[in-house]
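Engineer: Residue numbers (this note's numbering): -3 to 307.
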């Protein structure tokens, strides 16, 4: 056929996708979650100046299933599916890897302390490029088994030919997420004891305070991401085990129902806003304590004065 992709002649297997309303309902919820991700992510951007969400809308599928005149019209080529899903899969992987890079950067800063600021921004740039390139290469590896002349009734990163590699990727991301959480916890424990010790080095003090601010953001976010990723991967692995025993429409409906990434991207901005709000409260509380506290010398003479007046 050359560059042209011919639509399949037998479309009877696609007919259930036109009438099976549970699948349509799952896709509708994902559309709503994807739109909320954009709205909440945009608002969060105005609050923290950094966007942290991954939009995923199923509008194309929902439109085709509801308004296609024939079952054959809902079929989408594997090539088109790959193009549509490639940036989404890459960003999904990059979120986990880049968060791990942030934890690794802080651990390096913790050990180098005052000398870390002298190294400049080179390390951050290297980590960023490494995270993006790695995510892209992993996504390319995941789509290699795909036959691009195939047609699918449901576009997914986990097609019949790529689902095995995608499962490996998801399990690996769970391990990376666990490492991020462990690193953040170690950083949190070390930083707590380091702050309790007196230090007269301005560089060391700056790095400890910098760690404190970043831990305040990373720790709850790592926990939240880990819970979502673990649930998504574990349920996905169980569903994939029964793929051969289930009808195509049943498996794809289950797969769409357990695809929690749009809900994760919709709720993550809310978590970030909560973290920002808690940080502001703690900052206000510390400032109030600084305004009201008396130093040891003032407290000593104040108590002496009270005792003298009583005498």
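C-beta: ideal position from N, C-alpha, C; glycine also.
All values derive from a computational prediction rather than experimental measurement.
#1: By how many angstroms is the C-alpha of residue 103 removed from the C-alpha of residue 259?
#2: Rounded to a whole number of angstroms, what is the C-alpha to C-alpha distance between residue 265 and residue 220?
#3: Say whether the region 157 to 170 touches the region 233 to 241, bearing in mind that this needs 3 or more beta-carbon pairs closer than 8 Å, one atom from each stretch.
#4: Evaluate the contact criterion for the region 126 to 138 versus the region 77 to 86: three or more CB pairs, one atom per stretch, below 8 Å.
#5: Beta-carbon within less than 8 Å of residue 250's beta-carbon, same chain only, minus the 5 sequence neighbours each way: which residues are those?
#6: From 192, 280, 32 and 173, pick the residue whose C-alpha is nearest to that of residue 308; which is it?
#7: Should residue 218 and residue 263 be called a contact, given that it needs their Cβ atoms to be closer than 7 Å?
#8: Within this structure, are the beta carbons of residue 275 and residue 208 separated by less than 7 Å?
#9: Mapping DSSP to helix, strand and coil, what is residue 148?
#10: Compare the Cα-Cα distances from residue 79 to each of 281, 142, 27 and 256 and report the closest residue.
#11: Roughly how many whole angstroms lie between the Cα atoms of residue 106 and residue 174?
#12: Quick check: is any heavy atom of the ligand ATP less than 6 Å from the C-beta of residue 90?
#13: What span of residues does the alpha helix (DSSP H) with residue 154 cover, start to end?
#14: For residue 23, does the count of other Cβ atoms within 10 angstroms reach 16, so buried, or fall short, so exposed?
#15: Between residue 248 and residue 150, how many whole angstroms is the CB-CB distance? I'm expecting something under 8 Å.
#16: Look at the alpha carbon of residue 27 and the alpha carbon of residue 183, and state the distance between them as a whole number of angstroms.
Structural biologist: Per the coordinate set shown:
#1: 31 Å
#2: 12 Å
#3: yes
#4: yes
#5: 235 and 242
#6: No statement about residue 308 is possible, as the shown extent of the chain runs from -3 to 307 and does not include it.
#7: no
#8: no
#9: strand
#10: For the residues 281, 142, 27 and 256, the minimum Cα distance to residue 79 belongs to 142.
#11: 20 Å
#12: Absent from the structure shown: the ligand ATP. Ligands present: none.
#13: Run containing residue 154: none; DSSP gives neither H nor E here.
#14: buried
#15: 5 Å
#16: 38 Å
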